[in-house]
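**Q**
Protein chains: 4
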Amino acid sequence: MVGHAFMGAAHSQAWRVAPHFFDLPVRPVMSVLCGRDTERTAAAAERLGWAESTSDWKSVLERDDVHVVDICTPGDTHAEIAIAALEAGKHVLCEKPMANSVAEAVAMAEAAARAAERGVRAMVGFSYRRVPALSLARDLVAQGRLGRIHHVRAQYLQDWIVDPAAPLSWRLDKEKAGSGALGDIGAHIVDATQFILGDTIREVTGTLQTFVSERPLASAHSGLSGTAATGQTGPVTVDDAALFLARFAGGAVGSFEATRFANGRKNALRIEVNGSAGSLAFDLEDMNVLQFFDGTEDPAVAGYRRILVTEPGHPYVDAWWPAGHGLGYEHAFTHQAVDFVRAVAEGTDPAPSFADGLQVQCVLAAVEESAGTRTWQQV
Amino acid sequence: MVGHAFMGAAHSQAWRVAPHFFDLPVRPVMSVLCGRDTERTAAAAERLGWAESTSDWKSVLERDDVHVVDICTPGDTHAEIAIAALEAGKHVLCEKPMANSVAEAVAMAEAAARAAERGVRAMVGFSYRRVPALSLARDLVAQGRLGRIHHVRAQYLQDWIVDPAAPLSWRLDKEKAGSGALGDIGAHIVDATQFILGDTIREVTGTLQTFVSERPLASAHSGLSGTAATGQTGPVTVDDAALFLARFAGGAVGSFEATRFANGRKNALRIEVNGSAGSLAFDLEDMNVLQFFDGTEDPAVAGYRRILVTEPGHPYVDAWWPAGHGLGYEHAFTHQAVDFVRAVAEGTDPAPSFADGLQVQCVLAAVEESAGTRTWQQV
Amino acid sequence: MVGHAFMGAAHSQAWRVAPHFFDLPVRPVMSVLCGRDTERTAAAAERLGWAESTSDWKSVLERDDVHVVDICTPGDTHAEIAIAALEAGKHVLCEKPMANSVAEAVAMAEAAARAAERGVRAMVGFSYRRVPALSLARDLVAQGRLGRIHHVRAQYLQDWIVDPAAPLSWRLDKEKAGSGALGDIGAHIVDATQFILGDTIREVTGTLQTFVSERPLASAHSGLSGTAATGQTGPVTVDDAALFLARFAGGAVGSFEATRFANGRKNALRIEVNGSAGSLAFDLEDMNVLQFFDGTEDPAVAGYRRILVTEPGHPYVDAWWPAGHGLGYEHAFTHQAVDFVRAVAEGTDPAPSFADGLQVQCVLAAVEESAGTRTWQQV
Amino acid sequence: MVGHAFMGAAHSQAWRVAPHFFDLPVRPVMSVLCGRDTERTAAAAERLGWAESTSDWKSVLERDDVHVVDICTPGDTHAEIAIAALEAGKHVLCEKPMANSVAEAVAMAEAAARAAERGVRAMVGFSYRRVPALSLARDLVAQGRLGRIHHVRAQYLQDWIVDPAAPLSWRLDKEKAGSGALGDIGAHIVDATQFILGDTIREVTGTLQTFVSERPLASAHSGLSGTAATGQTGPVTVDDAALFLARFAGGAVGSFEATRFANGRKNALRIEVNGSAGSLAFDLEDMNVLQFFDGTEDPAVAGYRRILVTEPGHPYVDAWWPAGHGLGYEHAFTHQAVDFVRAVAEGTDPAPSFADGLQVQCVLAAVEESAGTRTWQQV
Ligand SMILES: NC(=O)C1=CN([C@@H]2O[C@H](COP(=O)(O)OP(=O)(O)OC[C@H]3O[C@@H](n4cnc5c(N)ncnc54)[C@H](O)[C@@H]3O)[C@@H](O)[C@H]2O)C=CC1
Ligand SMILES: NC(=O)C1=CN([C@@H]2O[C@H](COP(=O)(O)OP(=O)(O)OC[C@H]3O[C@@H](n4cnc5c(N)ncnc54)[C@H](O)[C@@H]3O)[C@@H](O)[C@H]2O)C=CC1
Ligand SMILES: NC(=O)C1=CN([C@@H]2O[C@H](COP(=O)(O)OP(=O)(O)OC[C@H]3O[C@@H](n4cnc5c(N)ncnc54)[C@H](O)[C@@H]3O)[C@@H](O)[C@H]2O)C=CC1
Ligand SMILES: NC(=O)C1=CN([C@@H]2O[C@H](COP(=O)(O)OP(=O)(O)OC[C@H]3O[C@@H](n4cnc5c(N)ncnc54)[C@H](O)[C@@H]3O)[C@@H](O)[C@H]2O)C=CC1
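Chains as they are written, first to last, in numbering that gives the first Met the number 0: chain F, 0 to 378; chain P, 0 to 378; chain X, 0 to 378; chain A, 0 to 378.
(1) Cα separation between Ala50 of chain A and Arg26 of chain A?
(2) Taking Glu310 of chain X as the query, report the chain A residues whose CB atoms sit under 7 angstroms from its CB, ordered along the chain.
(3) Using a Cβ cut-off of 7 angstroms, which residues of the stretch 252-278 of chain P contact any Cβ in chain A, in chain order?
(4) Answer yes if the stretch 241-256 of chain A comes into contact with the stretch 284-299 of chain P, meaning at least three C-beta pairs across the two stretches below 8 angstroms, and no otherwise.
(5) Confirm, please, whether the CB-CB distance from Val119 of chain P to His90 of chain P is below 8 angstroms.
(6) How is the alpha helix (DSSP H) around Ala81 of chain X delimited, first residue to last?
(7) Tell me the DSSP secondary structure of Gly48 of chain P in three-state form.
(8) For Ala111 of chain F and Pro96 of chain F, I'd like the C-alpha separation in whole angstroms.
(9) Is Arg259 of chain X buried or exposed, if buried means 16 or more other CB atoms sit within 10 Å of its CB?
(10) Is it true that the stretch 295-313 of chain P meets the stretch 343-361 of chain X, where meeting means three or more beta-carbon pairs spaced less than 8 angstroms apart?
(11) Counting only beta-carbon atoms, is Val288 of chain X nearer than 8 angstroms to chain F?
(12) Identify whether Thr37 of chain F lies in helix, strand or coil by the three-state DSSP scheme.
(13) Contact check, Pro314 of chain X vs Leu135 of chain X under 8 angstroms by CB: the rounded distance?
(14) Report the CB separation of Leu289 of chain A from Ala132 of chain A in whole angstroms; it is logged as a contact under 8 angstroms.
(15) Can you tell me which of the three DSSP states Phe260 of chain A falls into?
(16) Leu207 of chain X and Ala370 of chain X - do their beta-carbons sit closer together than 8 angstroms?
(17) How long is the line joining the alpha carbons of Gln360 of chain P and Glu116 of chain P, rounded to whole angstroms?
(18) Can you give the beta carbon distance from Val272 of chain X to Ile148 of chain X, rounded, assuming they're within the 8 angstroms contact cut?
(19) Mapping the DSSP letters down to three states, classify Ile160 of chain F as helix, strand or coil.
(20) With a threshold of 6 angstroms on Cβ separation, who are the neighbours of Leu21 of chain F within its own chain once the five nearest residues in sequence on each side are excluded?
(21) Please classify Ser218 of chain X as buried or exposed, where buried requires at least 16 other C-beta atoms within 10 Å of its C-beta.
(22) Return the CA-CA distance between Asp138 of chain X and Trp56 of chain F, expressed in angstroms with no decimal places.
(23) Which chain A residues sit within Cβ distance under 9 angstroms of Ala240 of chain P?
(24) Just the chain A side, please: which residues come within less than 8 angstroms of Trp159 of chain F by C-beta, in chain order?
(25) Let's test the definition: count the other Cβ atoms within 10 Å of the Cβ of Pro73 of chain X and tell me whether it reaches 16, buried, or not, exposed.
(26) Find the nearest neighbour of Ile82 of chain X within the set X:Asp64, X:Leu60, X:Val378, judged by alpha-carbon distance.
(27) For Glu86 of chain P, tell me which candidate among P:Arg113, P:Gly7, P:Phe125 has the shortest Cα-Cα distance.
(28) Is Lys95 of chain P near ligand 2, with its Cβ less than 7 angstroms from a heavy atom?
(29) Report the rounded CA-to-CA distance for Ala186 of chain F versus Asp293 of chain A, giving the unit in angstroms.
(30) If you scan the stretch 301-367 of chain A from start to end, which runs of the alpha helix (DSSP H) of 4 or more residues do you find wholly inside it?
(31) Roughly how many angstroms separate the alpha carbons of Trp159 of chain X and Val362 of chain X, rounded to a whole number?
(32) Can you give the Cα-Cα distance for Gly48 of chain A and Val366 of chain A, rounded to whole angstroms?
(33) Taking C-beta to C-beta, are Ser30 of chain A and Asp64 of chain A nearer than 8 angstroms?
(34) Is Arg35 of chain F near ligand 1 - that is, is its Cβ less than 7 angstroms away from at least one heavy atom of it?
Here's what the structure looks like:
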């Protein structure tokens, strides 16, 4: 595994926990953790439960006892590491957004296609697909319970930099992150809605906004927080918010918004889908719940149902606790690890594939393009 | 109509509005308003839209052009006025709680029975029965959608006297009010749950509590508010909160609570019913909604449904606005007036009858009794 | 008053009820109701409580005893009636959208400006401004409780024509209605957000969508419902849904959506505003509630507060019931009538003025324009 | 650890995960798993991650390398194992309810007191104390943010045996379980409310109810589910529901209900507390949220706040994810393990102690007693 901060911890937990709740065809071994700094990486390996650590990820690709490379670093490093790993014959699980540009993503998708021919697998970490409520949403759409889809409404609302004194972390640096809210959290709602609909976005028009353009330099950071070093500031080179309208291939219209300035919304990935036969609504801040409206019911008793997605039979749920005992944020990563291991062991392609990751990248690029040209852009 | 403050205004609105939204067999005429003070009553008649006013309600009973007496005064006056009105051949709509004691209620029920023989009708103002969501709740239970009823959970939570400086209004005076939270708002949940279940409470055990036993004397009051006169205080002679457990004739167990000390709950009449086939939940603070759980559904998509009780076909709703356009507090009084007028015109007995009012009074008395004896009491 | 169906009933209720709850400087008299059909109008006058009726609205303008003309007809008639009324010296309350085109709206605003010089007043019926929760929202923004505004998110979601068998009412006919969801309900969210922010939309990019392009002809209709005549169909000439992005003069970015295809949403006018110091959220399906996030609080206890906008001191609320006793849909019309009467009596200009109505019309036109050109349009 | 089904899995997860997220003074080693059946226990040890397994828990008490005994078996075994373990000098973490009778609980509390003198610690597994939202609730009460406490309203609502065909598991057998809903889930709300208030229940009156008295025999079971063997049935010897009223030493009145027949409520542990200065509300089905009403605020903006208890600084939360990334059911067990290990390492008494467990047992016994005598009982 490369990277050992926020996602590093989430993925470590997934590898650690998965075999104790799910039947896995092979048992993952947490062998080597990679970072940039030898000492900090060693400490992280100890804390996160990895047997060894190194500051040289390339050396790991030469080891025969390593079969999987799990990439948990900022976006600017994904392409290089992923392509090298695939070429070295390692299965790759790569965090989202898959890349910082379409060009990188194309190269990665090509590498993945080549690798697949040799039985080497690649997957992108759009973890929210594995939140049981969103898996159930996809199932209901696939079963036709919503009919023809008319509307998609998707927002990913956070507020961690609404304070102008929040420091310049790598997420605010275009070099590292590729884009701001757009690629970081906008990518999730693009993937999640396409996944739920089983459809793709065909064209978009959007706008990007940076509300605070200069911030204190960060002295240290991890996850979403950070500590501001005194005195100096630097420019924010990414968007604070991205809004766009979209049209799906299948005829649905969509409204999307990703922002880090929605005061009071901490992690509100919200999705609504309206179809001719029914509707769905989801909010990650209440992640064990899926709201479902069945439009075919007697209107006298019809209404949005609060389905607690913890019943036996609900996706992934059987492995855990009895009905009503909710799951948390990191469970989706465990499910992701399980599906990845199973696909690799069965010799099938895990989803979302690098081709899916590329397609999302194209949507993001089209949004950026449209924000510049101020017109609709084909994906 | 007797009484012209809170309920006086609500009932006036009902009489005024009902004929414009509902087809009524006869058109109510708002003729005489009665109060204690000549001047204040005249001003109220002007404001509330009554043709005349008087400070002598007895004189009104002699008038041939008055057919209905609507009693909106504190409980200590209900028995006297209602019995006299019924004996004078006037149909009576009397506010709840019907009386301040079982003895009074018995006399009233007897008077109503005698009057009914002469085609003179009597009804108690348990207005919440006519909130569309609660009417729908009753219908669903009657249709068997909940199966056998196991549980009732009913609370009426307010907070208007949580401040010890809130003045001593008539509602805190046993002479006037009979009891405190128990009769004022506890009566509503007793009636509403019995109405929804189509069942009666057979035995209870309860406790009463007065948290603030001495309060400033009120200089003036109306509705739930009032102004404190400076200096003097007086004793609170009623309960601030009443809690009791109950067993229904049909086998359900119930938990009841009425309080004026639930900080932050303004008018939270909340009812939950759990049956073998489904469940219901209601909260008056979101009065256009009924939550319904259909336990016979596929567990994969089962969940409490938020039914917006504003659809064509829902009780009383057709008379008003299109779906989704909510009703307010006073609409229940309009529905009550409509049902009363229709029953009177059709020569049938309106519900809840004075016999129903007596039965509720017996439940309240049993709660008070059990609070003293500290044992269960039969109703 | 002209028009006697849905809005006719709502406005009649407002005129009827207002003087009994609010102190008005003059007492409105419900004199003449105008319609197209003599008989149906006479029946409506009886039902809605108007003294007289006529099928010739022009004749009414000549009467000295009529001081106010209240226009409750479809949009294609607003300009003609309003301008004639203003020129006849009648104060005008005109339903929204003010007109079916910018040209009409310009003429109306000019007529209103001329009339104002003679002390004759004009107002547009954006009734939701008078929902207490939205008035409170405006007050909180004006007081600076939200700081600098970053985001507006506004949706007006209905579902009354999601069924392709729903008939072609006038609302689906461009000749009569001007546009579809855009002008009918989109106009409300444009006005409401601009009202709350005290700011105006400067540019937009949007898209319109008609999901069902052919529908059964209607034999009769009223409000949102209707009856389908057998056999024949006709083309839907307006949008079923309108989505657009917006930029406000003050720097906020907005996302707007108006649709009649949001299955299960009956009347969900939802608005969220995020500012540097706090946020607001509102949903008309729970209209007595305003959600408020105070971003200046200790994070340990910060959270969206569910304010029940029924407290003494809340806008318009004192006139009604004690805390926690909710208002319904039509109360906003009563408040509108009250504010209109007071402005007229005081000789001040009521808001929203015809100039405001024109500005909203310009936003709607820019959205339509952008949907054609597929680029951003200045308002 | 003894017991390897539902709680066995939850506790195993806790021991496994705790050291990777929290700094622990000593690192727990998962050495021996005990069960009744050699083979099934060995399989469980493999799955749950224990180094060894045995069907003889007594043998484990003799091992020097075992320092902690974690008891995850049904209640009838707690006293014997716990007392033996404490006497053997092992620290004990024992699941709730601590025992099946007051007599057993007294013996356990005495054993714990004796052990404490030798530095051997004992703790009861009232895990919900460690849900961050409930820890925060306790903190707010302790800080005086609620003022004087007037009301407690606590319900633990489940529905897993509403179906009469659900089999007779050990939880429905008085021999094994001691009582039904009362001890299983009623114990949690007794502990949680006393914990939050920092107060104890002084007297109670209650009632017990068994709705389905005969059920199919179970062939196998685990957690809350089970498989019914064909044909035979047996008697349910415990309560399906327990309701009681309570008075706390500090003057608050409480209403409690524990049931397995609340159709549609899967794991609804709901607690409301109303005080003179504010109120709290919690529902385990939305476990990352605490509702808080601050009664000292300006009424114009006061309302129940939905605090997402995932902020830095909230109890236990810093160890996990950024704000808004929710925790799940099992996290409380991890927190419990952390607090237990820290207390043991620091040589302090962990809470809840066996004395606390005994006190809860006395409350449960008083409820049972009152259900028989039909009068209030002192605890
Ligand atoms: N699936 C999901 O929901 C989420 C995905 N992510 C994605 O995960 C990735 C990592 O994000 P976080 O863990 O939040 O960031 P972070 O800032 O918490 O951690 C980044 C880690 O990468 C390491 N690193 C940075 N550059 C490196 C390099 N050149 N070589 C080796 N190690 C390097 C850092 O030392 C650190 O350990 C990003 O692509 C992000 O978009 C992040 C959060 C949630
Ligand atoms: N159905 C419901 O939801 C509600 C029912 N009520 C019931 O309505 C009744 C009146 O309560 P409110 O209107 O809230 O009280 P209030 O204090 O607002 O008004 C009481 C009115 O009765 C008049 N009054 C008092 N004594 C009188 C007498 N001896 N003779 C003639 N008039 C007298 C007063 O002048 C005043 O107009 C009570 O029985 C109360 O329980 C009250 C509120 C809600
Ligand atoms: N403020 C709000 O929230 C709402 C505003 N409206 C607006 O109110 C207006 C009327 O809508 P609704 O009442 O819903 O429509 P409706 O279809 O219920 O009623 C329209 C009325 O206008 C009459 N009418 C039509 N053409 C006429 C003409 N040429 N001369 C005289 N009368 C004529 C009809 O006979 C009918 O009485 C529209 O402008 C609409 O946009 C409608 C609903 C809500
Ligand atoms: N803290 C909490 O929230 C919860 C606590 N519990 C408590 O945990 C305890 C266990 O409950 P569950 O795990 O749900 O039950 P379960 O039925 O899932 O598992 C019981 C386990 O104990 C074993 N066992 C039974 N008798 C035994 C004996 N004589 N010797 C050795 N092993 C024996 C069984 O083989 C099984 O592994 C109970 O005291 C229960 O009240 C249960 C669920 C939640």
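Backbone N, C-alpha and C fix where the C-beta goes; we use that ideal spot for every residue, glycine too. Because the structure is a prediction, the values reported are computed rather than measured.
**A** Once the coordinates are examined:
(1) 15 angstroms
(2) Correct list: Pro298, Ala299.
(3) Val252, Ser254, Glu256, Thr258, Phe260, Ala261, Asn262, Gly263, Asn273, Gly274, Ser275, Gly277, Ser278
(4) no
(5) yes
(6) 77-86
(7) DSSP places Gly48 of chain P in coil when its eight states are reduced to three.
(8) Distance between the alpha carbons of Ala111 of chain F and Pro96 of chain F: 16 angstroms.
(9) buried
(10) no
(11) Val288 of chain X does not count as touching chain F.
(12) helix
(13) 6 angstroms
(14) Cβ-Cβ separation between Leu289 of chain A and Ala132 of chain A: approximately 4 angstroms, consistent with a contact (criterion under 8 angstroms).
(15) Phe260 of chain A: coil per DSSP, three-state reduction.
(16) yes
(17) 23 angstroms
(18) 6 angstroms
(19) The DSSP-derived three-state label of Ile160 of chain F is coil.
(20) In the sequence as presented, Leu is not what sits at residue 21 of chain F; that position holds Phe. So the qualifying residues of the chain are Ala318, Val337.
(21) exposed
(22) Cα atoms of Asp138 of chain X and Trp56 of chain F: separation of roughly 57 angstroms, rounded to the nearest angstrom.
(23) His149, His150, Val252
(24) Pro321, Ala322
(25) Here Pro73 of chain X is buried, its C-beta having at least 16 other C-beta atoms within 10 Å.
(26) X:Leu60
(27) P:Arg113
(28) It does: the Cβ of Lys95 of chain P is within 7 angstroms (strictly closer) of some heavy atom of ligand 2.
(29) 38 angstroms
(30) Runs found: 330-345.
(31) 25 angstroms
(32) Distance between the alpha carbons of Gly48 of chain A and Val366 of chain A: 40 angstroms.
(33) Taking 8 angstroms as the Cβ cut-off, Ser30 of chain A and Asp64 of chain A qualify as a contacting pair.
(34) yes
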